[in-house]
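Take a look at the structure below.
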Amino acid sequence: MAIVVFSFLAVPVFSIRVSEVMHNPDGSDTNREWVEIYNNDSVEHNLTGWKFNSGGSDHTLNVPPANNGTGSMVLAPGSYLIISQDAASFLSDYNFTGTVIDSSWTGLSNSGNETVWIKNSTIIFDNVTYATVPEGN
Numbered sequence: 112m113a114i115v116v117f118s119f120l121a122v123p124v125f126s127i128r129v130s131e132v133m134h135n136p137d138g139s140d141t142n143r144e145w146v147e148i149y150n151n152d153s154v155e156h157n158l159t160g161w162k163f164n165s166g167g168s169d170h171t172l173n174v175p176p177a178n179n180g181t182g183s184m185v186l187a188p189g190s191y192l193i194i195s196q197d198a199a200s201f202l203s204d205y206n207f208t209g210t211v212i213d214s215s216w217t218g219l220s221n222s223g224n225e226t227v228w229i230k231n232s233t234i235i236f237d238n239v240t241y242a243t244v245p246e247g248n
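When we follow this note's numbering, the leftmost residue of the sequence shown carries the number 112, and every step to the right adds one.
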């Protein structure tokens, strides 16, 4: 009698995704960088207490309306939110009516090759290493 053992490694499908990184906007970058997050899940996620990480440092997500943020920390299925370096600057630059969360980090590298991620207290849900691109792209 032979015993066959199968081992399957699951490839993770992240429910919360980093969908866009604006690390080098046109003109001055001061307070104008942002990261877009997408809920790829069929359930909502409450991001209260989660962290955004750039440059190896964790940054708190400030609950709106702190620092001029808008919307809710609860991200509905199929919805997006913006984690901004400065919520007021983001809202004055873009015609965006969704959730904008201020995180007040010091800046993202314009030379690229920096990894950013979003995590709750124990799990990194997604991470992205972005490349160098011209201003505003």
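Even for Gly, the Cβ is constructed at its ideal location relative to N, Cα and C.
Everything numeric in this text was worked out from a predicted model, so none of it was measured.
Complete beta strand (DSSP E) runs within the region 161-224 (minimum length 3 residues, chain order)
162-165, 168-171, 191-195, 210-213
Beta strand (DSSP E) containing residue 130: first to last residue?
127-133
Let me check one thing: in DSSP terms, what residues is residue 239 bridge-paired to?
227
Whole angstroms is fine: what's the gap from residue 119's alpha carbon to residue 174's?
With a pLDDT of 44 at residue 119, under the threshold of 50, the modelled position of this residue cannot be trusted; read the value that follows with caution. Their backbone Cα atoms lie some 39 Å apart in a straight line.
Does DSSP put residue 120 in a helix, in a strand, or in coil?
For residue 120, the pLDDT reaches just 44, beneath the cut-off of 50, and the residue's location in the model is therefore unreliable, although a value from the coordinates is still provided. It is coil, neither helix nor strand.
Given a cut-off of 9 Å on the beta-carbon distance, is the pair residue 148 and residue 229 in contact?
yes
My understanding is that residue 196 touches residue 145, with C-beta atoms under 8 Å, so please give their C-beta distance in whole angstroms.
6 Å
Near residue 204, which residues of its chain fall below 8 Å by C-beta distance, leaving aside the five closest residues on each side in sequence?
Non-local beta-carbon contacts of residue 204 in its own chain, meaning distances under 8 Å to residues more than five positions away in sequence, involve 136, 143 in chain order.
Distance, residue 231 Cα to residue 168 Cα:
Put simply, the backbone Cα of residue 168 is about 14 Å away from that of residue 231.
Run through the DSSP bridge pairs and tell me what residue 148 is partnered with.
129, 192
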